[in-house]
Structures are given as C-alpha cells and as structure tokens.
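Participant: There's a structure below that I have some questions on.
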Amino acid sequence: MHNLRIILAAAVALSILWWGAAMAQPSPPPGPPPAGYPAPGVPPHHRPPPPPPPREVRPPYPPGHYHWHWAAGHWRWNGYRWVWTSGHWRR
Numbered sequence: 202m203h204n205l206r207i208i209l210a211a212a213v214a215l216s217i218l219w220w221g222a223a224m225a226q227p228s229p230p231p232g233p234p235p236a237g238y239p240a241p242g243v244p245p246h247h248r249p250p251p252p253p254p255p256r257e258v259r260p261p262y263p264p265g266h267y268h269w270h271w272a273a274g275h276w277r278w279n280g281y282r283w284v285w286t287s288g289h290w291r292r
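Quick note: to get my numbering, add 201 to the position in the sequence shown (first position is 1).
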C-alpha cells in the first residue's frame, strides 16, 4: 500500500511537471500576410488611397419608415486592404 502511494504521488508530480513544461512553450509566430497584401498595422500614410466609390443605387424607403435617412456607403481599411461597406437605411 505504501509503494502504491509513492507511485501515485510520483505520477501526479510528473504529470504536473509535464503540464507546466508544455504550457511554458511560446506560441508560434503569426504567418505572413496573404500574397499581395501589405503587412498588418500599416500606418495610414503608407496605405494606398481608397478606390473611387462604386455607383450605389439608393433603394426606396422601407415601408412604414419614411422618417429614416440613407447612410451612404464608404470604403474602410481592414488592416490589409480597402473593403466597401454598402449604404443602408438608418433610423
């Protein structure tokens, strides 16, 4: 019975040491950005200018919501490239 306790205590201690060693490993570095994209966190003065806005057709007012106003679409920078956000109706 005494030997069983020693073996169990050793197994627990080794498990804790193994887990601690596994948790102490650093995370791998992030991979490179996709081909053709600038690096993340590009300062605003190094970003390419946004493209001209596409022609956007404003749909009619939503039924029963004539007090809403149209928020025009715009370009936004997602960290890699410019992404178009379409216009929409707002209260």
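Where is the CB? At the ideal position from N, CA and C, for every residue including glycine.
Using CA coordinates, which residue listed in Y281, P260, R248, N204 is at the minimum distance from G274?
Facilitator: Position 73 of the sequence shown, counted from the first residue, corresponds to residue 274. Of the candidates Y281, P260, R248, N204, the one whose C-alpha sits nearest the C-alpha of G274 is P260.
Participant: Can you give the Cα-Cα distance for W290 and W271, rounded to whole angstroms?
Facilitator: Your numbering for residue 290 matches position 89 in the sequence shown. Your numbering for residue 271 matches position 70 in the sequence shown. In a straight line, the C-alpha of W290 is about 5 Å away from that of W271.
Participant: Using only CA atoms, which one of P255, H247, P263, P264 lies nearest to A282?
Facilitator: As a position in the sequence shown, residue 282 is number 81, starting the count at 1. Residue 282 is actually Arg in this sequence, not Ala. Selected option, being the one with the closest Cα: H247.
Participant: DSSP state of W273, grouped into three classes?
Facilitator: Within the sequence shown, residue 273 is the residue found at index 72, counting from 1. Note on identity: in this sequence residue 273 is Ala, with Trp being the wrong assignment. Here A273 sits in coil by DSSP.
Participant: In angstroms with no decimal places, state the Cα-to-Cα distance between W276 and P227.
Facilitator: Here residue 276 corresponds to residue number 75 of the sequence shown, with the count starting at 1. Here residue 227 corresponds to residue number 26 of the sequence shown, with the count starting at 1. Looking at the two C-alpha atoms, the distance is approximately 37 Å.
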